[in-house]
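The numbering of the sequence shown is the numbering used here, which starts it at 49 and goes up by one.
Each residue gets a CB set at the ideal place from its N, CA and C atoms; glycine is no exception.
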Amino acid sequence: MGGDGNIIGVTFPVPRAFLSRILDGGRSVFVKPSTLRLKPGMKVIFYASREEQGWHGEAEVEDVEFFTNVGEIIEKYGPELFLTPEELRQYERDREKWHSRGRRPRPWMTVRLKNLRKYPRVVRPKRFIAVSGRYVGEDEYGEILRKAGVWSVP
49 MGGDGNIIGV
59 TFPVPRAFLS
69 RILDGGRSVF
79 VKPSTLRLKP
89 GMKVIFYASR
99 EEQGWHGEAE
109 VEDVEFFTNV
119 GEIIEKYGPE
129 LFLTPEELRQ
139 YERDREKWHS
149 RGRRPRPWMT
159 VRLKNLRKYP
169 RVVRPKRFIA
179 VSGRYVGEDE
189 YGEILRKAGV
199 WSVP
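In C-alpha cells form, the structure reads like this:
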C-alpha cells in the first residue's frame with residue numbers, strides 16, 4: 049500500500065481542469081468508482097494528470113457514501129460535485145466500455161471534502177499513480193508537504 053508507516057490518506061489522478069474546480073472553485077464533492085477504502089479524517093492528495101502533472105493540493109475526508117447509479121448522486125449533490133451532470137454521465141458511459149464482462153462493477157463513491165488546501169509548489173511523485181489511485185503513508189505525506197513548501201503537518 050503506502051509502504052511507509054501508517055496510512056493517512058490516498059491519492060487519485062484528476063485532470064487539471066477538473067482539479068481546479070476543487071482547489072480553486074470550492075466544489076466539495078469528489079466522485080469516482082470505489083477502488084480504495086476511505087474514512088472520515090483521511091487525506092485526499094490530488095494529483096493532476098495529463099498537463100501540469102504532480103500533487104497540487106489536498107483535502108480532508110468529511111464523509112464517504114456509495115451509490116449504484118449517477119442519477120442519485122446528481123440528485124443529492126448537484127452543484128457541489130466537481131463534475132457537471134453531463135460530465136458525470138459521460139464518465140459513467142465510458143466506465144461501461146472499460147468494464148470487464150462477468151465482473152460486477154464497483155459502486156460509485158462520493159467523498160465530501162473539507163479543509164481544502166492548495167500547495168504553494170507542485171510536487172512530482174517518485175512513481176506512477178494509476179487511475180485507481182493508491183494509499184499514502186505518513187512518511188510519504190511528510191515528504192510531499194516538505195517539497196510543497198508546507199512545513200508543518202496539520
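| GLY119 in three-state terms, based on DSSP | helix
| said: Contact defined as beta carbons within less than 8 Å: I believe THR107 pairs with LEU67. What is the distance between those atoms, to the nearest angstrom? | reply: The amino acid at residue 107 is misidentified as Thr; the sequence shows Ala. 11 Å between Cβ atoms; not a contact.
| said: Can you tell me which residues form a DSSP beta bridge with SER97? | reply: PRO63
| query | Can you give the Cα-Cα distance for LEU227 and PHE78, rounded to whole angstroms? | reply | There is simply no residue 227 to check, as the chain begins at 49 and stops at 202 in what is shown.
| task | Go ahead and pull the three-state DSSP assignment for ARG182. | result | strand
| Cβ atoms of LEU86 and VAL109: under 8 Å apart, would you say? | yes
| task | Could you please give the first and the last residue of the uninterrupted beta strand (DSSP E) stretch that includes ARG75? | result | Careful: ARG75 lies outside any beta strand (DSSP E) and carries neither H nor E.
| Where GLY51 falls: helix, strand or coil (DSSP) | Interpretation of GLY51 is limited by its pLDDT of 47, a score under 50 that renders its predicted location unreliable; no figure is taken from the coordinates.
| In whole angstroms, what is the alpha-carbon distance linking MET157 and GLY119? | 13 Å
| said: Please state whether the Cβ-Cβ distance between GLY185 and ILE55 is less than 8 Å. | reply: yes
| query | So, THR83 versus ARG154, is the Cβ gap smaller than 8 Å? | reply | yes
| Residues bridged to ALA107 by DSSP? | VAL92
| request: Reducing DSSP to helix, strand and coil, say where LYS195 ends up. | output: helix
| Local conformation of LYS162 per DSSP, three classes | strand
| Nearest-angstrom beta carbon gap, ILE177 and TYR95 [assumed within contact, 8 Å] | 5 Å
| Could you give the C-beta distance for PHE12 and ILE121, rounded to a whole number, given that I count them as a contact under 8 Å? | The structure shown does not extend to residue 12, since the chain is modelled only from 49 through 202, so no value can be given for it.
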